[in-house]
Every structure is written in C-alpha cells, then in structure tokens.
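A short worksheet on the structure shown next.
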Amino acid sequence: MLEYFERLRREDPVHFNETEVAGRYWSLTRYDEIKAVDTDHKNFSSAHGITLGFPIDQPLPEGALDVSMFIAMDQPKHDVQRKTVSPVVSTRNLAGMEALIRERTCEVLDSLPEGETFDWVDTVSIELTTRMLATLFDFPYEDRAKLTRWSDVATAVPGGGVIDTEEQRREELIECLVCFTQIWEERKKNPTGDLVSMLAHGEDTKDMEPMEFLGNLILLIVGGNDTTRNSMSGGVLALNQFPSEYEKLKKDPSLIPNMVAEIIRWQTPLAYMRRTANNDCTIGGKDIKAGDQMLMWYLSGNRDESVFERGEDLIIDRQNARNHLSFGFGIHRCMGNRLAEMQLRVLWEEIMERFENIEVVGEVERTFSSFVKGYTSLPVRVTRK
C-alpha cells in the first residue's frame, strides 16, 4: 500500500476519484495539503463524518446508527462539548495518573513468560489500554474487556472478522448505550470526576440525546484505545524491522521520549481523516466542489520525504518526529495526545528496565480496515535482563 502513496505524492498529490457508493472524493497524500485542509475549518467541515462515506445528500444504509460526536461537529458546538471532557487530560490530571500507569505497566510486564511465544497485542497492548479506559470512565474493572470489544465493533468493517453486518454493529453498540446510560444515571447523583460524570454534569452535554451520548462514548472509547494500543504493538514491530534502532535505544534509553513521537509517526494508528468541502475552492491546483469528500491520508503525509527524510524508516532520534500528522491539527487535534505519549513512554521505560530483547517470532496479523492501521496479533518472545 505504501508504494501507492509514494507514487501519488510524486505524481498526483491531490487525487480525484468518484464511485457509485461514495460519490466524489479526493485523496490528499502530501504533508502540506493535508495540514492546510486540517486547519481550514471555514472551507472544510467535519459535520458530515470523519471517514469515507456516502454523499452528504444520501441517507444512511438500513441498520446503520446515526450517531453524533464532537469530533464530527463544527464550531461552536464542537468546542463546548470538547471543553466539557478535556479536564480529564489536563496537565494536573496527567501528573496524577503517571504513578498508576507505571504500576499497571509493571504488573503486566512482570507477568510475561520468558522463553515462550505469546501475543503482544492481547497480553500487553490491549490489557494496558483497557485498564486505562476503565479508569477514565470509572467503569467496572472486571468488565473492562467490554470496552475493547465496543471499540473494535465501532470501527470494524462488516465481514472483516469482528462483525458480520451493520445490524450486528447496531445491536452491540446499543448494548454499550444501555450500559453507559445506567452509569450516567448513577453519576448524575454521585459524580466521581470521570468522563461520564463530566458529560452528565456539563452545561453543554447534560441534556444530550441518546445517540449523541453514544456517539461521544464511541469517540472517547476508540480515541482512548486505538491510537495507544496500536502504537504499543507498532513500536515492538518497528524495532524488530529496524534492529540498528533497537541497538541505539539499548545504548541510550534517554531517547525514549523522542522515540515515542517517532513510533506514532511511523505507525500512524489512524490512516486518514475525512473532511467535506463547504465551498468551491482550490487545493494543490485542483478545483474542489462543495460537498466533495476530502481524505487526509496521515499515513502518507507522515512519509512525505520533503518533510521526513527516509520517511519509510523508523529513526528514533529523528529531530522533527514531533511534527507528525497522527494527532491531527487545528480544533480537532487529538485531545488525549499527551496521555497516549505518557502511556507509551512509561511502557518503554519499564521495558528497558526488564528486557534484553523483545523478538517478533511469527506472522503479524493486521486490522482489516482502511481507517484503523493496527494489529490483531503480534507473536513475540521476550528475554529478561
């Protein structure tokens, strides 16, 4: 796939396509055009969806859920809803979370078998992110696996191994809504400072309709799950594919904070985001019509050689790694980016304390999705120090 993006960047960086299902859409594959659209909230809207979908004048398919979430809203509604929950990832809150994140990371890493093959995705990446999600929502800890399931269901392609039909997605996400509605009612009476309490008591969110509540739940669950989880797995894979970088890390663990940014760039956990043109305009010399879908391929922009030299490679001391597109730019920049970076930093700090090596020893299985760039299985074997 990456070779196609390389060709598009070189030959047609603002590439037009039109299909019967999606209608007119453009693929943006270079860094500058992606950033230009991502930060132009006047000409490009999020309100019609953030993934490639149906033309805006067509109804949703039968069985699909019509949910609303603040990432798929424009100003001012986006801003007031985001502001309601953003305190959970404030500098003060994050400082208080680090000790808990480290404690749980140590528990998981100390439990790993030595000399045996196990799945890093299930045993480490999913376990750590699910524990964090349960904390953010103050969700029953023993039921935390439901959060991962709902995240997978929300982003899955029917027939791709997670769900079979849109109707199945609808049924499982309605279960999510029923569960969290009960939690909502509890938090209205007894707030605990978690995300649900913030939504239930926020002036601009306390009267949300059920589908808007569900939409924001999905956003917060997926946002707290996919980026971190797939970067935790992607980092292990990348260091195996670039062993000289792994050796560089072993010699100088102080590179970990910069390496985290580079892993997020290299992995690009969400391959693209969509905007919809509000007006006729021009991008990269191409005439865009109002209503056209704009796919900002972060995965390609993060490999744009004009910005990232040897963009295909993981370089853990890359000087401009933090300029990556993976968190987006503008008003929709990932709210939890610092939490994700902290989780990854703590993970690698504790890995380097314990393990001489983490070796990928089997076939990697990838997520069946053009949107989520992730892994369903990563067989590894660890060697302790």
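Residue numbers (my numbering): 8 to 392.
For each residue, glycine too, the CB sits at the ideal point set by N, CA and C.
Check                                                                                                                                                       : Outcome
In this structure, what does DSSP give as the bridge partners for residue 32?                                                                               : 24, 300
With DSSP run on the structure shown, which of helix, strand or coil describes residue 408?                                                                 : The question about residue 408 has no answer here: the residues shown for the chain are numbered 8 through 392.
How many Å lie between residue 207 and residue 100 at the Cα?                                                                                               : 19 Å
Which of the three DSSP states, helix, strand or coil, is assigned to residue 342?                                                                          : coil
Can you pull the DSSP bridge partners for residue 52?                                                                                                       : 283
Using DSSP bridges, identify the partner residues of residue 366.                                                                                           : 388
Out of 360, 195, 187, which has the shortest C-alpha to C-alpha gap to residue 256?                                                                         : 360
Assign residue 253 to one of two classes, buried (16 or more other C-beta atoms within 10 Å of its C-beta) or exposed (fewer than that).                    : buried
Just how far apart, CA to CA, sit residue 301 and residue 26?                                                                                               : 14 Å
Using a 10 Å radius around the Cβ and a threshold of 16 neighbouring Cβ atoms, would you call residue 44 buried or exposed?                                 : buried
If the criterion is Cβ atoms closer than 9 Å, does the pair residue 364 and residue 332 meet it?                                                            : no
Let me know the alpha helix (DSSP H) ranges lying completely inside the region 127–177, each 4 residues or longer, listed in chain order.                   : 134–144, 152–162
Grab me the residues of residue 315's own chain with a C-beta within less than 6 Å of its C-beta, minus the 5 sequence neighbours each way, in chain order. : none
Are the beta-carbon atoms belonging to residue 29 and residue 62 less than 9 Å from one another?                                                            : yes
Do the region 364–373 and the region 159–167 meet, that is, are 3 or more Cβ pairs less than 8 Å apart?                                                     : no
In three-state DSSP terms, what is residue 277?                                                                                                             : strand
By the DSSP assignment, the alpha helix (DSSP H) with residue 117 in it spans what residues?                                                                : 98–117
DSSP beta-bridge partners for residue 293?                                                                                                                  : 290
By DSSP, does residue 12 sit in helix, in strand, or in coil?                                                                                               : helix
Determine the DSSP secondary structure at residue 272, reduced to helix, strand or coil.                                                                    : helix
Mind checking residue 261: buried by the 16 CB within 10 Å criterion, or exposed?                                                                           : exposed
Below 8 Å, how does it come out for the region 125–137 and the region 239–249: are there three or more Cβ pairs, yes or no?                                 : yes
Taking the beta carbon of residue 407 as the centre, do at least 16 other beta carbons fall within 10 Å, making it buried, or is it exposed?                : For residue 407 there is no data in the structure shown, the boundaries of the chain being 8 and 392.
Can you check which of these residues, 268, 358, 375, is closest to residue 324 by C-alpha distance?                                                        : 268
For the alpha helix (DSSP H) that contains residue 39, what are its first and last residues?                                                                : 38–45
To which residues of the same chain is residue 233 closer than 8 Å at the C-beta, ignoring the five residues directly before and after it?                  : 158, 162, 276, 277, 379, 381
DSSP three-state call for residue 325: helix, strand or coil?                                                                                               : coil
On the CB-based measure, 16 or more other CB atoms within 10 Å of its CB, does residue 40 come out buried or exposed?                                       : buried
Taking buried to mean at least 16 other C-beta atoms within 10 Å of its own C-beta, is residue 42 buried or exposed?                                        : buried
So, are the CB atoms of residue 343 and residue 230 less than 9 Å apart?                                                                                    : yes
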